[in-house]
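Notes follow once the structure below has been shown.
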């Protein structure tokens, strides 16, 4: 009998330790970054372009660039992802074709991001002649996060009770209206939850934008979606590997990472707030 | 209202889920402004038949209908028939109350709005009329803006009836509408059915034989996908033609 309790306690200890490990890892990671980078953050760091071969000045163009790219990726991935999910889970007759599409979506999720970068370079930059630009980068990132959005949307749609659909259809409301007015609104919090993951990924990826959108250095702000931009992850990459003053820019690298992490957390926070607001409004 | 003409005719209806034959050769007529009850043990096909009448079984993949179901003389499974139109005229109330996660007001106006009713005064009048018909008006008139999810189960079910009535259907199908409710709510719904049959044709599936005896004019007894007996309720429960019916209503099986 004692042995049984001992086993149980041992197991609980392991579970707790696992959870603790994750918390410690995240905490250590954040502490390390903020310890090195927080000192750099200042109003001028956030609002000024880099100066003196990027060893001084701020990172404003990169912040703005990442913001545009992420927003663009969402604008592309959300409508496309949600409508694809609606087709897959509501309209498509379950069969070999749908199965192949699903497998395709899952494969897409596993494709390394550098491959997306090369694909974007080939299709958007070269073939469609968008050049290295916000448009190309946002499209590439959009495709990158598409599987996440589709997967989350499908799960959310499936979670909508069948009784809601039946109730609406039994009133003589068409399938399309039922989806639009009953199913999608009920699924929206779930769709947003999944898309949060996509946002974080789009903001943080370097490889997909390397060839498609990111500029090594440009003090100018983009005037159209066909302009190149700087971006936070790429900026870090450049400063840490390709610059001529790697050691001198170390503080700026940490500062940039702090901003990137804060930005991703901020976007997530906004999405979480929207989600809980919608949930509260629904009350079920 | 005085005539009891036939409104729905089922002619040799067979229904299959894949290879499983759920209904065998069902032929029966439903009369206007009457309450018809369908009874029988679980899996006997009574709910399947009910869902055939407003084409809800269309939603299930791999099903097949044979025979004809005529609504006012027209086959509702005809090629040119739009199931959405059928469902507008033949409303349905489900076993579990299933209000939308919307306000009481919006639950009722949801359907009518989508079919072109937009004037605020019209919508308000419709809500009042429908709630009164479903005897929910007194309880709900001050909380129309509140979520329907806050109502009790019995109130929710009456809201679902009001929601169905707001589409001004001719027929109301009820699939075990009280099986998830307490006895008091059940009694309210049964009273309501009595009231509603003045204006609507009601077809109700029930597991509760007392309920069938209390509310219906005619009763059909189903067993293993077949219509065993279809007679006026009083006759079926006191002097059934079939031995199987007698065994079932006296509780010998099922």
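Protein chains in written order, with this note's numbering: chain V, 1 to 284; chain H, 1001 to 1254.
Even for Gly, the Cβ is constructed at its ideal location relative to N, Cα and C.
Beta strand (DSSP E) segment containing residue i, residue limits
i	result
residue 1229 of chain H	1226-1232
residue 1070 of chain H	1063-1071
residue 1223 of chain H	1218-1223
residue 90 of chain V	Residue 90 of chain V -> no beta strand (DSSP E), and no H or E assigned at all.
residue 1199 of chain H	Segment: none, residue 1199 of chain H is in no beta strand (DSSP E) and carries neither H nor E.
residue 1006 of chain H	1006-1017
Residues near residue i in its chain [Cβ-Cβ closer than 6 Å; skip 5 each side]
i	result
residue 90 of chain V	179
residue 271 of chain V	192, 196
residue 1057 of chain H	1051, 1063
residue 1262 of chain H	Residue 1262 of chain H lies beyond the stretch modelled for chain H, which goes from 1001 to 1254, so this question has no answer here.
residue 1154 of chain H	1181, 1185
residue 1017 of chain H	1063
residue 109 of chain V	147
residue 140 of chain V	116, 120, 208, 212
residue 1127 of chain H	1105, 1108
residue 103 of chain V	none
The alpha helix (DSSP H) enclosing residue i, as first and last residue numbers
i	result
residue 1044 of chain H	Neither: residue 1044 of chain H is in no alpha helix (DSSP H) and is coded neither H nor E.
residue 1209 of chain H	1209-1215
residue 140 of chain V	134-159
residue 224 of chain V	That residue, residue 224 of chain V, is in no alpha helix (DSSP H); it is neither H nor E in DSSP.
residue 129 of chain V	Looking at the DSSP string, residue 129 of chain V is not in any alpha helix (DSSP H), and its letter there is neither H nor E.
residue 162 of chain V	162-170
residue 1206 of chain H	From DSSP, residue 1206 of chain H is part of no alpha helix (DSSP H); its letter is neither H nor E.
Coil, strand or helix - residue i by DSSP
i	result
residue 45 of chain V	helix
residue 1081 of chain H	coil
residue 4 of chain V	helix
residue 205 of chain V	coil
residue 106 of chain V	helix
residue 1115 of chain H	coil
residue 1242 of chain H	coil
residue 111 of chain V	coil
residue 284 of chain V	Caution is warranted here: a pLDDT of 47 is assigned to residue 284 of chain V, below 50, making its placement in the model unreliable, and no coordinate value can be reported.
residue 1031 of chain H	strand
residue 285 of chain V	Nothing about residue 285 of chain V can be reported from this structure: the residues present for chain V run from 1 to 284 only.
residue 1175 of chain H	strand
residue 1060 of chain H	coil
residue 1026 of chain H	strand
residue 1181 of chain H	coil
residue 266 of chain V	helix
residue 173 of chain V	coil
residue 194 of chain V	helix
residue 1002 of chain H	At residue 1002 of chain H, the pLDDT of 43 sits below 50, so the modelled position is not reliable and the matter cannot be decided from this model.
residue 39 of chain V	helix
residue 72 of chain V	helix
residue 1055 of chain H	coil
residue 27 of chain V	helix
residue 95 of chain V	coil
Close-in-space but distant-in-sequence residues of the same chain around residue i (CB under 7 Å, 5 per side omitted)
i	result
residue 158 of chain V	89
residue 234 of chain V	206, 209, 210, 214
residue 84 of chain V	150
residue 1176 of chain H	1095, 1205, 1206, 1207
residue 1002 of chain H	Because residue 1002 of chain H sits at a pLDDT of 43, beneath the cut-off of 50, its placement in the model cannot be relied upon, and the following sentence gives the value as read from the coordinates. So the list is empty, once near-sequence residues are dropped.
residue 1213 of chain H	1233, 1237
residue 18 of chain V	none
residue 204 of chain V	233, 260, 264
residue 1024 of chain H	1014, 1225, 1226
Residue i - partner residues in DSSP beta bridges
i	result
residue 66 of chain V	Answer is none; residue 66 of chain V lacks a bridge partner.
residue 50 of chain V	V/57
residue 257 of chain V	Note: residue 257 of chain V sits in no beta bridge, so no partner.
residue 1075 of chain H	H/1070
residue 1252 of chain H	Answer is none; residue 1252 of chain H lacks a bridge partner.
residue 1021 of chain H	H/1016
residue 10 of chain V	Paired residues: none, contrary to the question.
residue 1037 of chain H	H/1204, H/1219
Cut-off 8 Å between Cβ atoms - residues of its own chain near residue i, not counting five sequence neighbours on either side
i	result
residue 1113 of chain H	1123
residue 154 of chain V	85, 88, 89
residue 1077 of chain H	1055, 1065, 1068, 1069
residue 194 of chain V	148, 149, 151, 152, 153, 155, 156
residue 256 of chain V	37, 59, 62, 232, 235, 236, 239
residue 1130 of chain H	1108, 1162, 1163, 1165, 1166
residue 1157 of chain H	1093, 1097, 1177, 1178, 1180, 1181, 1185, 1189
residue 46 of chain V	58, 59, 60, 63, 259
Quiz item: What are the start and end residues of each continuous alpha helix (DSSP H) run of 4 or more residues lying completely inside the segment 228-254 of chain V, in chain order?
Solution: 232-237
Quiz prompt | Continuous alpha helix (DSSP H) assignments of at least 4 residues falling wholly in the segment 1087-1170 of chain H | solution = 1104-1114, 1120-1133, 1137-1140, 1153-1165
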